[in-house]
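To keep things clear, I will list the structure first and then write my remarks on it.
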Amino acid sequence: MNIFRFLGDMSHILSFVILLLKITQGKSAAGISLRTQELYMIVFCSRYLDLFWNFSSLYNSFLKVVFIACSSAIVYIIRFKSPQKDTWNPELDNFPIQYLIGPCAVAGLLINQDWTPFEMIWAFSIYLEAVAILPQLFLLQKQGEVENLTSHYVAALGAYRGLYLMNWVYRYFTEDDYLQRIVWFAGTVQTGLYIDFFYHYYQSKRGGLSRPVKLP
Amino acid sequence: AGRLRGKDEL
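Those protein sequences? They're chains A and B, same order as listed.
Residues in the first sequence are numbered consecutively from 177, following this note's numbering.
Residues in the second sequence are numbered consecutively from -9, following this note's numbering.
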């Protein structure tokens, strides 16, 4: 465990807290992509199958359960709970996620670490997480403006991935047998997707005013 | 390391 990874996990938890607060207190899922939340639920449910046989630490296992529970709760609330479910706009949030799931599944089958079923599913979840934010970014693009809390949510997610990149660099230089090409590649792609958002997020927050984040 | 195969990250 190193500080980058710890802060990365805390930032990931923060993103869940922000989103859960927004949809439960704000009673609205406007501006939140249910598609992205569904992809995250698939990512965590598939990646953490090893909960039952891989025990690395209590911290690890506890957060796996937390991430599965939170992502499932978010999907449930936006899909089924009133009044949030009425604030979700299927016309706007209509990114064809099958075009993300399909290629990731093929990639998981072809490029993985060990050719066992779990390794294929695990690799699938790594690739899927890299692109899971796309429906959300498309939704924000369509809306042009980003609601304040939503912008903090996406920023927290971006920070989590950026900190994980630093964690991999740190581990690469401090551990001798640390090699995770799949994770490094997918994580770099994923962090790249946030760069554009961060630029607009920074522009809008720079003035210190809470001007809404404007995407072109 | 063994079964974990480096999957000690979330």
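Virtual Cβ for every residue (Gly too), placed ideally from N, Cα, C.
The beta-carbon distance between Ile273 of chain A and Ile208 of chain A, rounded to whole angstroms, is 15 Å. This is too long to meet the 8 Å contact definition. Chain order gives the chain B residues near Asp185 of chain A as Leu0, where near means a beta carbon separation below 7 Å.
By the criterion of a C-beta distance shorter than 7 Å, Gly184 of chain A is surrounded in its chain by Tyr336, Leu339, Tyr340, Asn343, once the five residues flanking it on both sides are discounted.
Contact between Ser247 of chain A and Phe220 of chain A holds, since their C-beta atoms are separated by about 5 Å, short of 8 Å. Counting only residues of its own chain and dropping the five nearest sequence neighbours on each side, Glu295 of chain A has a CB closer than 8 Å to the CB of Asn288, Gln289. Only residues of its own chain outside the window of five on either side were considered, and among them Thr263 have a CB closer than 6 Å to the CB of Ala206 of chain A, listed in chain order. The beta-bridge partner set that DSSP reports for Lys390 of chain A consists of A:Glu321.
Among the CB atoms of chain B, none fall inside 8 Å of the CB of Asn178 of chain A. The DSSP-derived three-state label of Met177 of chain A is coil. With respect to the C-alpha of His328 of chain A, the residue from A:Ser232, A:Gly278, A:Pro388 having the closest C-alpha is A:Pro388. Using a 10 angstroms sphere on the CB of Phe182 of chain A, the tally of other CB atoms stays under 16, which defines it as exposed. The region 264 to 283 of chain A makes contact with the region 295 to 306 of chain A; the number of CB pairs closer than 8 Å reaches 3 or more. Two segments are said to touch when three or more pairs of C-beta atoms, one from each, lie closer than 8 Å; by this definition the region 186 to 199 of chain A does not touch the region 342 to 358 of chain A. The residues Met296, in chain order, have a CB closer than 7 Å to that of Leu285 of chain A in the same chain once the five nearest residues on each side in sequence are set aside. Assigned with DSSP and collapsed to three states, Tyr348 of chain A falls in helix.
Judged by beta-carbon spacing, Lys390 of chain A lies beyond the 8 Å limit of Glu323 of chain A, meaning their Cβ atoms are not closer than that value.
Residue-level contact check: Asn230 of chain A touches chain B, since one or more beta carbons of chain B fall below 8 Å from its beta carbon. In the structure shown, the three-state DSSP call for Asn236 of chain A is helix. Not a single C-beta of chain B is nearer than 8 Å to the C-beta of Trp291 of chain A. Trp298 of chain A reaches chain B at Lys(-3), counting residues in chain order whose Cβ is nearer than 8 Å. Excluding five sequence positions before and after Glu305 of chain A, the CB atoms of its chain that fall closer than 6 Å to its own CB belong to Val219, given in chain order. At a cut-off of 8 Å between beta carbons, Asp352 of chain A makes no contact with chain B.
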